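Asks: In our numbering, the protein residues as written are 1282 to 1667.
Here you go, one structure.
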């Protein structure tokens, strides 16, 4: 029977479950996974078995039909334990809603049941070497050939590109001058002939990995088209409002954990015969970040609440994408300094968190792009583009 009513007790229960899983199972291997540059897929499957992957999807696809705020709570709690492991539920929610809405029913069912069970990971293929922030400037070509599409080109800076079973791919099916009107979306199985990948060596986020994907005359069955041909950008890109709010909570989770640890340290560590917390230069700095982190957290949940209740939330989602990554970086930086050399050394996770959150000041849209979106939503597209 499909569940249609969820309340705050349900949300608390899913948060408690996510926190226990994060604390007991995810946190202990954080630094080791990052050092090895390898995702623990057994742990991903364990997460899926607990119902902690894309619970907002309908039950027919392996979800619970829950509000998106549930996924927000999960991503936040996972982010406290391992920022990069937070990509697992985040990518699942982003790609899951795209497939649920735009894929053919039988294809959506097959792939999403595996996704929610933690059996597979999906990546999103948008960025290209010559089209980062200019997402409509795509060069990867898709051409119809009978009952297949043929792909040629490159994607780059793709998260989970080497561990994903499939990629939600954006490609140009029209003329370059058509811009967004000539872009289509496809679900591309990553085991098709003609696909090769590479993995970058980054400052952080190496357990999920990022890299390039090359497509050399790759033949994709036409039934894997997502949405309408030539309308993939306008239709499918709407889902990024959801993922931007999850990114905000991913960053807030790791910042909150860092602050909690630093408050405890400042209360225990003594200097000049007194706890560090007795010095206003320390306590006021932490209080300032604590206040801002709480505000950013509520802002992120507000964007998800707006989505769950059918309200416009594009501007609010853009706010959660540009401010929390910057705020988390600044807060963790302050925590490192308060810890002194212990924070700078690799024995504590603070230095790893700093490098991990920095990546999301770049990926999935820079602060400048997000502010342009906010301006467009508030002042109108015509005023901003004049």
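Just so you know, even glycine gets a beta-carbon here, dropped at the ideal spot from N, CA and C.
In this text, all values refer to a predicted model and were calculated from it rather than measured experimentally.
1. Evaluate contact between the region 1618-1635 and the region 1387-1394, counting only Cβ atoms and requiring at least three cross-stretch pairs below 8 Å.
2. Under 8 Å: do the region 1594-1612 and the region 1441-1454 share three or more Cβ pairs, one atom per stretch?
3. So does the region 1632-1639 actually touch the region 1426-1438, counting three or more Cβ pairs closer than 8 Å?
4. Residue 1672 bridges to which residues according to DSSP?
5. Check whether the region 1487-1499 touches the region 1554-1570, taking contact to mean three or more Cβ pairs, one atom from each stretch, closer than 8 Å.
6. Note down, in chain order, each residue of its chain lying with its Cβ closer than 6 Å to the Cβ of residue 1455, except the 5 sequence neighbours on either side.
7. Please state whether DSSP places residue 1652 in a helix, a strand or coil.
8. Just checking my contact of residue 1527 with residue 1371 at CB under 8 Å: how many whole Å lie between their CB atoms?
9. With DSSP as the reference, please indicate the residues paired to residue 1426 in a beta bridge.
10. In chain order, what residues of the same chain lie with their CB nearer than 7 Å to the CB of residue 1302, ignoring the 5 residues before and after it?
11. Looking at the secondary structure, which residues open and close the alpha helix (DSSP H) in which residue 1482 lies?
12. Find out if the Cβ-Cβ distance for the pair residue 1366, residue 1535 is shorter than 8 Å.
13. Determine the burial state of residue 1659: buried for a count of at least 16 other Cβ atoms within 10 Å of its Cβ, exposed for fewer.
14. Quick check: residue 1422 and residue 1537, are their CB atoms within less than 8 Å of each other?
15. Which stretch, first to last residue, makes up the alpha helix (DSSP H) that contains residue 1524?
16. What three-state label does DSSP hand residue 1602 in the structure shown?
17. Report the three-state DSSP secondary structure of residue 1643 (helix, strand or coil).
18. Answer with buried or exposed for residue 1284, where buried requires no fewer than 16 other C-beta atoms within 10 angstroms of its C-beta.
19. Would residue 1631 pass as a contact of residue 1620 if the rule is Cβ separation under 8 Å?
20. Could you give the distance in angstroms between the alpha-carbon of residue 1505 and the alpha-carbon of residue 1424?
21. Are the Cβ atoms of residue 1374 and residue 1524 separated by less than 8 Å?
22. Cβ of residue 1533 within 8 Å of Cβ of residue 1577?
23. Please state if the CB of residue 1359 and the CB of residue 1402 are separated by a distance shorter than 8 Å.
24. Tell me whether residue 1385 sits in a helix, a strand or coil according to DSSP, three-state version.
25. Pull up the CB-CB distance for residue 1508 and residue 1517, whole angstroms please, since I reckon it's below 8 Å.
26. Across which residues does DSSP place residue 1491 in a beta bridge pair?
27. Please classify residue 1366: does DSSP put it in a helix, a strand, or coil?
28. How many angstroms separate the CA atom of residue 1341 from the CA atom of residue 1347?
29. Rounded to a whole number of angstroms, what is the C-alpha to C-alpha distance between residue 1310 and residue 1643?
30. In whole angstroms, what is the alpha-carbon distance linking residue 1470 and residue 1571?
31. From the DSSP output, which residues share a beta bridge with residue 1449?
32. Tell me whether residue 1666 is buried or exposed, calling it buried when 16 or more other Cβ atoms sit within 10 Å of its Cβ.
33. Taking residue 1597 as the reference, give the member of 1540, 1655 and 1356 with the closest Cα.
34. Measure from the alpha carbon of residue 1591 to the alpha carbon of each residue in 1349, 1295 and 1319, then state which is nearest.
35. Restricting to runs no shorter than 4 residues, where is the alpha helix (DSSP H) found entirely within the region 1548-1620?
36. Is it true that the CB of residue 1408 sits closer than 8 Å to the CB of residue 1338?
Replies: Put simply:
1. no
2. no
3. With the cut-off at 8 Å, the region 1632-1639 and the region 1426-1438 do not touch.
4. Summary: the structure shown does not reach residue 1672, with the chain confined to residues 1282 through 1667, and so no result is reported for it.
5. Cβ pair count under 8 Å is below three, so no.
6. 1463 and 1511
7. Helix, per DSSP.
8. A Cβ-Cβ separation of about 5 Å places residue 1527 in contact with residue 1371 under the 8 Å criterion.
9. 1429
10. 1328, 1331 and 1333
11. No alpha helix (DSSP H) contains residue 1482, which DSSP labels as neither H nor E.
12. no
13. exposed
14. no
15. 1521-1549 is the span of the alpha helix (DSSP H), which, as asked, contains residue 1524.
16. helix
17. Here residue 1643 sits in coil by DSSP.
18. Because residue 1284 carries a pLDDT of 49, less than 50, the predicted location of this residue cannot be relied on, and the following value inherits that uncertainty. A residue is called buried once 16 or more other Cβ atoms fall within 10 Å of its Cβ, and residue 1284, having fewer, is exposed.
19. yes
20. Rounded to the nearest whole angstrom, the C-alpha separation of residue 1505 and residue 1424 is 14 Å.
21. yes
22. yes
23. Cβ atoms of residue 1402 and residue 1359: not closer than 8 Å.
24. coil
25. The distance from the Cβ of residue 1508 to that of residue 1517 is about 6 Å, consistent with a contact at the 8 Å cut-off.
26. 1440
27. helix
28. 13 Å
29. Across the structure, residue 1310 and residue 1643 are spaced so that their CA atoms are roughly 26 Å apart.
30. 43 Å
31. Bridge partners of residue 1449: 1405 and 1468.
32. Residue 1666 is exposed by the Cβ-count criterion.
33. 1655
34. 1349
35. 1561-1589 and 1595-1620
36. no
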